[in-house]
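Residue numbers (the working numbering), protein chains in the order written: chain C, 1467 to 1866; chain D, 46 to 454.
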């Protein structure tokens, strides 16, 4: 068996001097940050639907082609506000293969999440599996647009309409993505974007709710608390979901930079695609269901029988090299604390989700990554494949 | 121009009857204190250089350490707002299997909504008329088998009866959460606010003493609670993706907000000195006007001197709401303190309907006057001059309001 000790795991220096994160982490230059904050200080307007939040909402409306963009402090609170504004109750269907906040937002609004399986190729919700989950308590569907792909929102709209269900989207991953000629933001009753620092559009923390429905927009503004953004309409309860001027300042600069950041993501993605296609047992998940993607997630499936190492072992190899590859999503929302009581209901119901939770990993892309880094990462993966038997023995020894 | 407009000679000079405004810029009841810009930049540089914009970054950690020290509490956990800090403290502290939360009705207008997000049912208690705060005597009758938590709200001037309410909680084995959002700098005879009861919650909204754009924090001496709150605000993740308790969400404070709060915390004593100056100015000026009483700070302990609250006595010629209307028209953004009280609001979530006579009475008598960074002593002179004018022309103004049927919004 060929041996190679050229792994940080086996004692060599790590390939990267500092940990390479997976998140986007784009941020304006220091000079631009300073100038923007100086503006905020000069205006002495800090929060409560200030001039920058208003400007951001208008620009997002223009860019996304949607009537109302309502900026919020983060996407999770945004999803909670959406469930509240839609007056959902009972149960809501959503994929289990999503970030846990999708389900947590439902729990916070007193709704039971019911998990649906996903498509093995696209990782998006499998519409054909919805029927089996519907009962008289189900009031809505939360579609999730994952990875810079889309979950066939048009088909979901038709489905929800025929079943008399409300439909909204967790589009945390999908800013800027286009389905045919329509930007994501315009499907279902509400779409919720994340502007977390790890997303392609960053407000450090933040998010935005989009809707073309006047009444829903008015309700969302009141639930968020809006200080002058229209006359408050009755809602069950309000909250604090406000975005500050500091967050909006960063988001506005990030929106200016979106074209070049998207381009950088796409370039890096293509490089990964080119390099990884030669390595057996690793499959890069390509944008599906969209005509334009933000390419903000580089997600791969590892077939351990072909690759020779499990997903978790490969992550250990990469982490030793300071590549902070991440299991995503793990362990699957239906297997997470808070949802375990209904786990028995999902026996045999979520085979694709189970498979993906065991095989997917996320690789670095974004501000902190350049094409050389991608080369190095792909070399490590390639080497891991080539010397998988040696690494496997290492892990076996390690586990004893 | 403003000098001329400040002097109202006849009631037609009032803006609400066609005169010109005293202030071209609004004078609000929000603090809006701005720290030194370079200090804010200096803090910002730390997160910027580390590319850490959120997720328990370096400045959030530093701020939590500094605030815990400031309050003499063992632990401090920050949040994206005081609102969600309160919600998470409530869900964490409420006794399992019980549903009621005792809170005053004369308080923050969203407080019942906070309880509703926490899945609790508000039972409103009375307040004591001199201090405008709940006391052990007003809370005790509300305690029953369903009581899950006492929310001890400090009024915005001075403190509530900390010892009395804490002992009551201990006696009945009911946890006590302090709402100290306006009490960052306050002390009582038993020490600085921040370490009492099971936990205390503060706000860093721009209108508050410690401006962090938006934000909030909870202090506690209970390590388990602190750990729990730190988990809950970040999806209950321990490590990267290991969700360890139910009930998590995203309520993290970002690094820019932490930078702002740190810069303001450094200058807090300067701010208190400025507040004291404004307060003294109001104190001197208002003493010359009948029918209006300034709520005085208890200066035997440290206090923020921040909020200017006045009571309209029986000889004040206008209704409180009419006075607010006249002031607002002049760009003096005075506000009712508090109206409507919570027990009169429409609530479609579970709550206990009550009748609270003292609260009803008090809710029509108090008003907040402008304070904070935007208000100079010269501004205060103009405000006091106007109040004097309103007092001396009160009946004329009241008639005119009735005639022109100016709507109170």
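All C-beta atoms in this analysis are idealised placements derived from N, C-alpha and C, irrespective of residue type, glycine included.
Because the structure is a prediction, the values reported are computed rather than measured.
Under 9 Å between the Cβ atoms of residue i and residue j?
i, j, result
"residue 1532(C)", "residue 1643(C)", "no"
"residue 365(D)", "residue 323(D)", "no"
"residue 133(D)", "residue 263(D)", "yes"
"residue 1738(C)", "residue 1645(C)", "no"
"residue 229(D)", "residue 247(D)", "yes"
"residue 428(D)", "residue 72(D)", "yes"
"residue 255(D)", "residue 309(D)", "yes"
"residue 444(D)", "residue 252(D)", "no"
"residue 124(D)", "residue 113(D)", "no"
"residue 392(D)", "residue 139(D)", "no"
"residue 1710(C)", "residue 1667(C)", "no"
"residue 436(D)", "residue 361(D)", "yes"
"residue 293(D)", "residue 127(D)", "no"
"residue 297(D)", "residue 278(D)", "yes"
"residue 1624(C)", "residue 1607(C)", "no"
"residue 1518(C)", "residue 1715(C)", "yes"
"residue 1691(C)", "residue 1705(C)", "yes"
"residue 145(D)", "residue 165(D)", "yes"
Roughly how many whole angstroms lie between the Cα atoms of residue i and residue j?
i, j, result
"residue 383(D)", "residue 1601(C)", "46 Å"
"residue 1731(C)", "residue 424(D)", "54 Å"
"residue 1842(C)", "residue 1854(C)", "17 Å"
"residue 1466(C)", "residue 1660(C)", "Residue 1466(C) lies beyond the residue range present for chain C, which begins at 1467 and ends at 1866; the question has no answer from this structure."
"residue 208(D)", "residue 215(D)", "10 Å"
"residue 47(D)", "residue 447(D)", "Confidence is the limiting factor: at residue 47(D) the pLDDT is only 47, short of 50, which leaves the residue's position unreliable, though a coordinate-based value still follows. Taking the straight line joining both Cα atoms gives about 28 Å."
"residue 154(D)", "residue 1485(C)", "46 Å"
"residue 1539(C)", "residue 369(D)", "32 Å"
"residue 1846(C)", "residue 1574(C)", "42 Å"
"residue 1492(C)", "residue 267(D)", "38 Å"
"residue 1788(C)", "residue 1567(C)", "27 Å"
"residue 1683(C)", "residue 1511(C)", "24 Å"
"residue 388(D)", "residue 401(D)", "8 Å"
"residue 1634(C)", "residue 203(D)", "46 Å"
"residue 57(D)", "residue 371(D)", "12 Å"
What does residue i touch in chain C if you count any residue whose Cβ is under 8 Å from its own?
i, result
"residue 297(D)", "1540, 1671"
"residue 150(D)", "The contacting residues do not exist; residue 150(D) stays about 17 Å from chain C at best."
"residue 128(D)", "1705, 1706"
"residue 82(D)", "1503, 1504, 1507"
So residue i contacts chain D; which residues on that side make the cut at Cβ distance below 7 Å?
i, result
"residue 1521(C)", "Per Cβ cutoff of 7 Å: no residues; residue 1521(C) is ~16 Å from chain D at best."
"residue 1496(C)", "93"
"residue 1727(C)", "The contacting residues do not exist; residue 1727(C) stays about 15 Å from chain D at best."
"residue 1703(C)", "158, 161, 162, 394"
"residue 1500(C)", "86"
"residue 1692(C)", "Those do not exist, as residue 1692(C) stays about 13 Å from chain D at its closest Cβ, beyond 7 Å."
Closest by CA to residue i, which one among the options?
i, options, result
"residue 1759(C)", "1724(C), 1787(C), 1778(C), 1745(C)", "1724(C)"
"residue 1508(C)", "1576(C), 1712(C), 1721(C), 1687(C)", "1712(C)"
"residue 148(D)", "223(D), 79(D), 69(D)", "223(D)"
"residue 64(D)", "393(D), 415(D), 307(D), 374(D)", "374(D)"
"residue 441(D)", "396(D), 391(D), 392(D), 367(D)", "367(D)"
"residue 1490(C)", "1735(C), 1752(C), 1802(C), 1783(C)", "1735(C)"
"residue 1688(C)", "1551(C), 1498(C), 1849(C)", "1551(C)"
"residue 1681(C)", "1706(C), 1696(C), 1673(C)", "1696(C)"
"residue 434(D)", "336(D), 413(D), 389(D)", "336(D)"
"residue 1598(C)", "1570(C), 1585(C), 1834(C), 1559(C)", "1559(C)"
"residue 284(D)", "163(D), 100(D), 152(D), 265(D)", "100(D)"
"residue 1619(C)", "1766(C), 1862(C), 1657(C)", "1657(C)"
Please list the partners that residue i has in chain D, where partner means a Cβ-to-Cβ separation under 8 Å.
i, result
"residue 1493(C)", "93, 96, 98"
"residue 1567(C)", "280, 294, 295"
Interface residues of chain D around residue i at Cβ under 9 Å?
i, result
"residue 1668(C)", "98"
"residue 1713(C)", "258, 259, 299, 301, 302"
"residue 1871(C)", "The question about residue 1871(C) has no answer here: the residues shown for chain C are numbered 1467 through 1866."
I believe residue i touches residue j by the beta-carbon criterion, under 8 Å. Please report the beta-carbon distance rounded to the nearest angstrom.
i, j, result
"residue 1670(C)", "residue 301(D)", "6 Å"
"residue 242(D)", "residue 181(D)", "Residue 242(D) to residue 181(D), Cβ: 13 Å. No contact."
"residue 1858(C)", "residue 1774(C)", "7 Å"
"residue 1561(C)", "residue 1610(C)", "5 Å"
"residue 1570(C)", "residue 1754(C)", "Not confirmed; about 26 Å, so no contact."
"residue 1503(C)", "residue 96(D)", "Their Cβ separation, rounded to whole angstroms, is 17 Å, which puts residue 1503(C) and residue 96(D) out of contact at 8 Å."
Starting from residue i, find everything on chain C with Cβ-Cβ shorter than 7 Å and list it in chain order.
i, result
"residue 56(D)", "Within 7 Å Cβ-Cβ: nothing; residue 56(D) doesn't reach chain C, min ~29 Å."
"residue 286(D)", "1793, 1796"
Taking 8 Å as the cut-off, is the CB of residue i close to at least one heavy atom of the ligand PLP?
i, result
"residue 145(D)", "Looking at this structure, you won't find the ligand PLP or any other ligand, since it has none at all."
Quick one: list the residues of chain C neighbouring residue i, beta-carbon separation under 9 Å, in chain order.
i, result
"residue 307(D)", "Per Cβ cutoff of 9 Å: no residues; residue 307(D) is ~13 Å from chain C at best."
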